[in-house]
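*Asks:*
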Amino acid sequence: MACQLAAEGVGYRYRGGQDAVVGIDFAMGAGVLGLLGPNGAGKSTLMRVLSTLTRATTGRVSWNGADIARQPDALRRELGYLPQDFGVYPSLTAREFLQYLAAVKGLHSREVGERVVDCLAKVGLSDAADRRLGDFSGGMRQRVGIAQALINQPRLLIVDEPTVGLDPEERMRFRHLISDLAADRLVILSTHIVSDIEASATTLAVMSKGRLLYFGPSATLLLQARGHVWERTVTESAVPAARAGRVISNSLRVEGGMKLRIVASESPSDDAILCVPDLDEAYLWLLARDGAR
0 MACQLAAEGV
10 GYRYRGGQDA
20 VVGIDFAMGA
30 GVLGLLGPNG
40 AGKSTLMRVL
50 STLTRATTGR
60 VSWNGADIAR
70 QPDALRRELG
80 YLPQDFGVYP
90 SLTAREFLQY
100 LAAVKGLHSR
110 EVGERVVDCL
120 AKVGLSDAAD
130 RRLGDFSGGM
140 RQRVGIAQAL
150 INQPRLLIVD
160 EPTVGLDPEE
170 RMRFRHLISD
180 LAADRLVILS
190 THIVSDIEAS
200 ATTLAVMSKG
210 RLLYFGPSAT
220 LLLQARGHVW
230 ERTVTESAVP
240 AARAGRVISN
250 SLRVEGGMKL
260 RIVASESPSD
270 DAILCVPDLD
280 EAYLWLLARD
290 GAR
(Lines of atoms letter the chains of each structure in order from A; the text may use other names.)
(Lines give C-alpha, C1' and ligand atoms only; values in the text may rest on other atoms or scores of the structure.)
Protein backbone atom coordinates (compact mmCIF):
# COMPACT_ATOMS: atom_id res chain seq x y z
CA MET A 0 0.00 0.00 0.00
CA ALA A 1 1.12 3.57 -0.71
CA CYS A 2 2.69 5.53 2.11
CA GLN A 3 3.72 9.04 1.11
CA LEU A 4 3.45 12.26 3.12
CA ALA A 5 4.40 15.60 1.58
CA ALA A 6 4.42 19.17 2.91
CA GLU A 7 4.65 22.13 0.53
CA GLY A 8 5.24 25.58 2.00
CA VAL A 9 3.37 24.68 5.19
CA GLY A 10 2.99 27.41 7.78
CA TYR A 11 0.84 28.14 10.81
CA ARG A 12 0.22 31.59 12.29
CA TYR A 13 -1.53 32.28 15.59
CA ARG A 14 -4.40 34.75 15.67
CA GLY A 15 -2.15 37.35 17.26
CA GLY A 16 0.10 37.24 14.20
CA GLN A 17 2.96 35.16 15.59
CA ASP A 18 4.31 32.46 13.29
CA ALA A 19 4.65 29.01 14.89
CA VAL A 20 5.62 27.18 11.68
CA VAL A 21 7.06 28.79 8.53
CA GLY A 22 7.62 27.40 5.02
CA ILE A 23 8.00 23.68 5.76
CA ASP A 24 8.81 21.54 2.71
CA PHE A 25 9.53 17.80 2.72
CA ALA A 26 8.37 14.49 1.27
CA MET A 27 8.85 11.03 2.74
CA GLY A 28 7.64 7.46 2.39
CA ALA A 29 8.02 4.48 4.73
CA GLY A 30 10.66 4.78 7.45
CA VAL A 31 11.28 6.78 10.60
CA LEU A 32 11.45 10.57 10.44
CA GLY A 33 13.09 11.91 13.59
CA LEU A 34 11.90 15.47 14.24
CA LEU A 35 14.35 17.30 16.50
CA GLY A 36 14.37 20.80 17.92
CA PRO A 37 14.49 22.76 21.16
CA ASN A 38 11.32 23.49 23.11
CA GLY A 39 9.30 26.11 21.26
CA ALA A 40 10.74 25.19 17.86
CA GLY A 41 7.28 24.46 16.42
CA LYS A 42 7.49 20.66 16.45
CA SER A 43 4.18 20.04 18.23
CA THR A 44 2.35 22.57 16.04
CA LEU A 45 3.67 20.86 12.91
CA MET A 46 2.62 17.47 14.28
CA ARG A 47 -0.90 18.76 14.88
CA VAL A 48 -1.05 20.06 11.31
CA LEU A 49 0.20 16.75 9.90
CA SER A 50 -2.37 14.83 11.96
CA THR A 51 -5.30 17.07 10.76
CA LEU A 52 -5.96 18.44 14.28
CA THR A 53 -4.87 21.92 13.18
CA ARG A 54 -5.30 23.38 9.71
CA ALA A 55 -2.26 25.04 8.14
CA THR A 56 -2.67 28.75 7.44
CA THR A 57 -0.40 28.51 4.39
CA GLY A 58 0.77 25.70 2.14
CA ARG A 59 -0.47 22.18 1.58
CA VAL A 60 -0.06 18.75 3.16
CA SER A 61 -0.87 15.64 1.13
CA TRP A 62 -1.15 11.97 2.05
CA ASN A 63 -0.74 9.67 -0.94
CA GLY A 64 -1.58 12.62 -3.14
CA ALA A 65 -4.77 13.65 -1.31
CA ASP A 66 -4.90 17.13 0.27
CA ILE A 67 -5.52 16.46 3.97
CA ALA A 68 -7.30 19.79 4.45
CA ARG A 69 -9.87 18.89 1.79
CA GLN A 70 -9.94 15.13 2.42
CA PRO A 71 -8.94 14.63 6.07
CA ASP A 72 -10.59 11.21 6.35
CA ALA A 73 -8.20 9.80 3.75
CA LEU A 74 -5.42 10.26 6.31
CA ARG A 75 -7.39 9.78 9.54
CA ARG A 76 -8.35 6.23 8.59
CA GLU A 77 -4.63 5.38 8.44
CA LEU A 78 -3.36 7.54 11.29
CA GLY A 79 -2.10 6.65 14.73
CA TYR A 80 -1.34 9.66 16.95
CA LEU A 81 0.17 10.09 20.39
CA PRO A 82 0.13 13.73 21.52
CA GLN A 83 2.55 15.15 24.05
CA ASP A 84 -0.22 15.52 26.65
CA PHE A 85 -2.02 12.18 26.59
CA GLY A 86 -4.95 11.71 28.97
CA VAL A 87 -6.67 8.52 30.16
CA TYR A 88 -9.86 7.56 31.99
CA PRO A 89 -8.52 6.46 35.40
CA SER A 90 -11.54 4.30 36.26
CA LEU A 91 -11.06 2.08 33.18
CA THR A 92 -8.64 -0.81 32.89
CA ALA A 93 -6.03 -0.75 30.15
CA ARG A 94 -8.03 -3.37 28.23
CA GLU A 95 -11.31 -1.45 28.57
CA PHE A 96 -9.64 1.81 27.53
CA LEU A 97 -8.15 0.30 24.37
CA GLN A 98 -11.44 -1.45 23.54
CA TYR A 99 -13.22 1.90 23.83
CA LEU A 100 -10.72 3.67 21.57
CA ALA A 101 -10.82 0.81 19.06
CA ALA A 102 -14.58 1.32 18.80
CA VAL A 103 -14.12 5.08 18.41
CA LYS A 104 -11.69 4.45 15.56
CA GLY A 105 -14.21 2.22 13.82
CA LEU A 106 -12.59 -1.19 14.22
CA HIS A 107 -14.93 -4.11 13.62
CA SER A 108 -16.01 -5.81 16.86
CA ARG A 109 -14.58 -9.15 15.67
CA GLU A 110 -11.02 -7.79 15.56
CA VAL A 111 -11.02 -5.56 18.65
CA GLY A 112 -10.10 -8.24 21.17
CA GLU A 113 -7.15 -9.51 19.15
CA ARG A 114 -5.86 -5.99 18.42
CA VAL A 115 -6.03 -5.01 22.11
CA VAL A 116 -4.11 -8.10 23.19
CA ASP A 117 -1.50 -7.54 20.47
CA CYS A 118 -0.97 -3.85 21.28
CA LEU A 119 -0.68 -4.46 25.01
CA ALA A 120 1.92 -7.14 24.32
CA LYS A 121 3.90 -4.80 22.05
CA VAL A 122 4.30 -2.25 24.89
CA GLY A 123 4.89 -4.86 27.62
CA LEU A 124 1.58 -4.42 29.46
CA SER A 125 -0.04 -7.85 29.00
CA ASP A 126 0.18 -8.61 32.74
CA ALA A 127 -1.43 -5.26 33.62
CA ALA A 128 -4.28 -5.43 31.09
CA ASP A 129 -6.99 -5.59 33.74
CA ARG A 130 -5.57 -3.05 36.18
CA ARG A 131 -7.23 0.37 36.49
CA LEU A 132 -5.35 3.12 34.70
CA GLY A 133 -5.62 5.27 37.82
CA ASP A 134 -3.18 2.85 39.49
CA PHE A 135 -0.63 3.04 36.65
CA SER A 136 2.68 4.88 36.93
CA GLY A 137 3.42 7.72 34.53
CA GLY A 138 5.60 5.46 32.41
CA MET A 139 2.91 2.79 32.21
CA ARG A 140 0.34 5.37 31.12
CA GLN A 141 2.71 6.51 28.41
CA ARG A 142 2.95 2.93 27.18
CA VAL A 143 -0.86 2.78 27.05
CA GLY A 144 -0.68 5.91 24.91
CA ILE A 145 1.68 4.18 22.52
CA ALA A 146 -0.63 1.13 22.43
CA GLN A 147 -3.69 3.21 21.53
CA ALA A 148 -1.77 4.86 18.69
CA LEU A 149 -1.18 1.39 17.22
CA ILE A 150 -4.69 -0.01 17.71
CA ASN A 151 -5.87 0.60 14.12
CA GLN A 152 -2.61 -0.63 12.52
CA PRO A 153 -1.84 2.83 11.12
CA ARG A 154 0.14 3.49 7.96
CA LEU A 155 1.17 6.85 9.40
CA LEU A 156 2.20 6.91 13.06
CA ILE A 157 2.87 10.31 14.68
CA VAL A 158 4.26 10.38 18.21
CA ASP A 159 5.14 13.55 20.12
CA GLU A 160 7.74 13.18 22.91
CA PRO A 161 6.79 9.49 23.39
CA THR A 162 9.55 8.53 25.84
CA VAL A 163 8.71 11.11 28.52
CA GLY A 164 8.40 9.23 31.81
CA LEU A 165 9.84 5.97 30.49
CA ASP A 166 12.71 4.27 32.29
CA PRO A 167 15.80 3.11 30.33
CA GLU A 168 14.41 -0.40 29.74
CA GLU A 169 11.10 1.01 28.50
CA ARG A 170 12.94 3.43 26.21
CA MET A 171 14.91 0.57 24.70
CA ARG A 172 11.71 -1.43 24.13
CA PHE A 173 10.14 1.58 22.43
CA ARG A 174 13.13 2.07 20.11
CA HIS A 175 12.97 -1.57 19.04
CA LEU A 176 9.22 -1.27 18.46
CA ILE A 177 9.64 1.84 16.29
CA SER A 178 12.29 0.12 14.17
CA ASP A 179 10.02 -2.90 13.66
CA LEU A 180 7.01 -0.76 12.74
CA ALA A 181 8.84 1.36 10.17
CA ALA A 182 9.34 -1.45 7.67
CA ASP A 183 6.06 -0.72 5.86
CA ARG A 184 4.79 2.55 7.30
CA LEU A 185 5.88 6.10 8.04
CA VAL A 186 6.67 6.91 11.66
CA ILE A 187 7.22 10.53 12.68
CA LEU A 188 8.89 10.79 16.06
CA SER A 189 9.20 14.24 17.60
CA THR A 190 11.60 14.83 20.47
CA HIS A 191 14.32 17.11 21.78
CA ILE A 192 16.36 14.09 22.96
CA VAL A 193 18.80 13.02 20.25
CA SER A 194 19.34 9.52 21.67
CA ASP A 195 15.62 8.76 21.21
CA ILE A 196 16.03 8.79 17.43
CA GLU A 197 19.72 8.10 16.86
CA ALA A 198 19.30 4.34 16.55
CA SER A 199 16.03 4.22 14.62
CA ALA A 200 15.57 7.31 12.41
CA THR A 201 16.20 6.81 8.70
CA THR A 202 15.75 10.53 8.08
CA LEU A 203 16.37 13.47 10.40
CA ALA A 204 14.56 16.81 10.43
CA VAL A 205 15.72 19.66 12.67
CA MET A 206 13.47 22.62 13.46
CA SER A 207 14.25 25.95 15.11
CA LYS A 208 12.07 29.04 15.42
CA GLY A 209 9.36 27.42 13.33
CA ARG A 210 11.63 26.71 10.37
CA LEU A 211 13.20 23.54 9.02
CA LEU A 212 16.98 23.84 9.37
CA TYR A 213 17.85 20.39 8.07
CA PHE A 214 16.16 17.44 6.36
CA GLY A 215 18.11 14.38 5.33
CA PRO A 216 20.18 11.43 6.60
CA SER A 217 21.89 11.69 9.97
CA ALA A 218 25.18 10.75 8.29
CA THR A 219 25.07 13.87 6.12
CA LEU A 220 24.56 16.14 9.13
CA LEU A 221 27.48 14.44 10.87
CA LEU A 222 29.68 15.15 7.85
CA GLN A 223 28.62 18.80 7.84
CA ALA A 224 29.57 19.13 11.52
CA ARG A 225 33.10 17.77 11.02
CA GLY A 226 35.72 20.35 11.92
CA HIS A 227 33.50 21.97 14.53
CA VAL A 228 34.01 19.81 17.65
CA TRP A 229 37.07 20.13 19.86
CA GLU A 230 38.40 18.58 23.04
CA ARG A 231 40.66 20.14 25.64
CA THR A 232 41.62 19.49 29.25
CA VAL A 233 41.79 22.40 31.66
CA THR A 234 42.51 22.79 35.36
CA GLU A 235 39.63 23.17 37.81
CA SER A 236 40.30 26.88 38.18
CA ALA A 237 40.24 27.41 34.41
CA VAL A 238 36.87 25.67 33.84
CA PRO A 239 34.62 28.78 34.16
CA ALA A 240 36.68 30.73 31.62
CA ALA A 241 36.86 27.75 29.25
CA ARG A 242 33.08 27.35 29.37
CA ALA A 243 32.21 31.05 29.06
CA GLY A 244 30.40 31.77 25.82
CA ARG A 245 31.01 28.24 24.55
CA VAL A 246 28.70 25.36 23.61
CA ILE A 247 29.94 22.51 25.79
CA SER A 248 28.64 19.10 24.70
CA ASN A 249 30.28 17.10 27.47
CA SER A 250 32.40 17.54 30.60
CA LEU A 251 34.41 14.76 32.19
CA ARG A 252 36.38 15.04 35.40
CA VAL A 253 39.88 13.60 34.93
CA GLU A 254 43.11 13.61 36.87
CA GLY A 255 44.39 17.15 36.95
CA GLY A 256 41.20 18.91 35.87
CA MET A 257 38.26 18.67 33.48
CA LYS A 258 38.08 17.33 29.92
CA LEU A 259 35.67 19.43 27.83
CA ARG A 260 34.16 18.76 24.42
CA ILE A 261 33.40 22.07 22.75
CA VAL A 262 31.24 22.80 19.71
CA ALA A 263 32.76 25.78 17.90
CA SER A 264 33.35 27.10 14.39
CA GLU A 265 37.09 27.37 15.07
CA SER A 266 39.59 26.04 17.58
CA PRO A 267 38.86 27.43 21.06
CA SER A 268 42.55 27.30 22.10
CA ASP A 269 46.02 26.29 20.95
CA ASP A 270 45.84 23.04 22.93
CA ALA A 271 42.40 21.96 21.63
CA ILE A 272 42.23 18.69 19.67
CA LEU A 273 39.82 18.30 16.75
CA CYS A 274 37.31 15.46 17.32
CA VAL A 275 34.81 13.46 15.29
CA PRO A 276 31.32 14.74 16.23
CA ASP A 277 28.51 12.52 17.44
CA LEU A 278 24.90 13.24 16.52
CA ASP A 279 24.27 15.26 19.69
CA GLU A 280 27.17 17.53 18.77
CA ALA A 281 26.10 17.80 15.12
CA TYR A 282 22.66 18.89 16.34
CA LEU A 283 24.18 21.45 18.75
CA TRP A 284 26.42 22.77 15.96
CA LEU A 285 23.42 23.21 13.65
CA LEU A 286 21.48 25.13 16.32
CA ALA A 287 24.50 27.28 17.16
CA ARG A 288 25.06 28.08 13.48
CA ASP A 289 21.42 29.17 13.25
CA GLY A 290 21.71 31.29 16.37
CA ALA A 291 19.25 29.12 18.29
CA ARG A 292 21.74 28.59 21.13
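Quick note: the sequence shown, position 263, residue 262 per numbering that gives the first Met the number 0, numbers continuous. Where is the CB? At the ideal position from N, CA and C, for every residue including glycine. A quick note: this is a predicted structure, and the numbers were derived from the prediction, not measured.
Tell me the rounded alpha-carbon separation between Ala6 and Trp62.
*Replies:* Taking the first residue of the sequence shown as 1, we reach residue 6 at position 7. Taking the first residue of the sequence shown as 1, we reach residue 62 at position 63. About 9 Å.
*Asks:* So, with DSSP's three-state summary, where would you put Tyr294?
*Replies:* Summary: the structure shown does not reach residue 294, with the chain confined to residues 0 through 292, and so no result is reported for it.
*Asks:* Around the C-beta of Val228, are 16 or more other C-beta atoms found within 10 angstroms, so that it is buried, or is it exposed?
*Replies:* Numbered from 1 along the sequence shown, position 229 holds the residue referred to as residue 228. Val228 should be labelled buried.
*Asks:* Name the residue from Ile192, Thr219, His191 whose alpha carbon lies nearest to the alpha carbon of Thr202.
*Replies:* Taking the sequence shown and counting its residues from 1, the one referred to as residue 202 is at position 203. Ranking the options by Cα distance to Thr202, first place goes to Thr219.
*Asks:* Can you name, in chain order, every residue of its own chain whose Cβ lies under 7 Å from the Cβ of Pro82, other than the five neighbours on each side?
*Replies:* Within the sequence shown, the letter at position 83 stands for residue 82. So the qualifying residues of the chain are Asp159.
*Asks:* Across which residues does DSSP place Glu230 in a beta bridge pair?
*Replies:* Your numbering for residue 230 matches position 231 in the sequence shown. Its beta-bridge partners are Arg260, Ile272.
*Asks:* Just checking, does the region 131 to 148 make contact with the region 89 to 101 on the three C-beta pairs under 8 Å criterion?
*Replies:* In short, these stretches touch, since the Cβ pair count reaches three.
*Asks:* Would you kindly check if the distance between the Cβ of Arg12 and the Cβ of Gly56 is under 8 Å?
*Replies:* The sequence position of residue 56 within the sequence shown is 57, counting from 1. The sequence position of residue 12 within the sequence shown is 13, counting from 1. Going by the sequence as given, residue 56 is Thr instead of Gly. For Thr56 and Arg12, yes; Cβs fall inside 8 Å.
*Asks:* Can you find at least 3 beta carbon pairs, one from the region 100 to 118 and one from the region 145 to 160, that sit closer than 8 Å?
*Replies:* Contact between the region 100 to 118 and the region 145 to 160 is present, because at least three Cβ pairs lie under 8 Å.
*Asks:* So, is Gly36 buried or exposed, given that buried needs 16 or more other C-beta atoms within 10 angstroms?
*Replies:* Within the sequence shown, numbered from 1, the residue matching residue 36 stands at position 37. Buried, by the Cβ-count rule.
*Asks:* Residues in its own chain within less than 6 Å of Gly33 by CB, not counting five upstream and five downstream?
*Replies:* Translated into positions along the sequence shown, residue 33 becomes position 34. Here the set comprises Leu188, Ile196, Ala200, Leu203.
*Asks:* Report the residue ranges of all beta strand (DSSP E) runs contained in full by the region 179 to 241; include only those spanning at least 3 residues, in chain order.
*Replies:* The region 179 to 241 contains these whole beta strand (DSSP E) runs: 185 to 190, 202 to 207, 210 to 215, 228 to 233.
*Asks:* What does the alpha-carbon distance come out to for the pair Met171 and Leu156?
*Replies:* Here the question's residue 171 lines up with position 172 in the sequence shown. Here the question's residue 156 lines up with position 157 in the sequence shown. Their Cα atoms are separated by approximately 18 Å.
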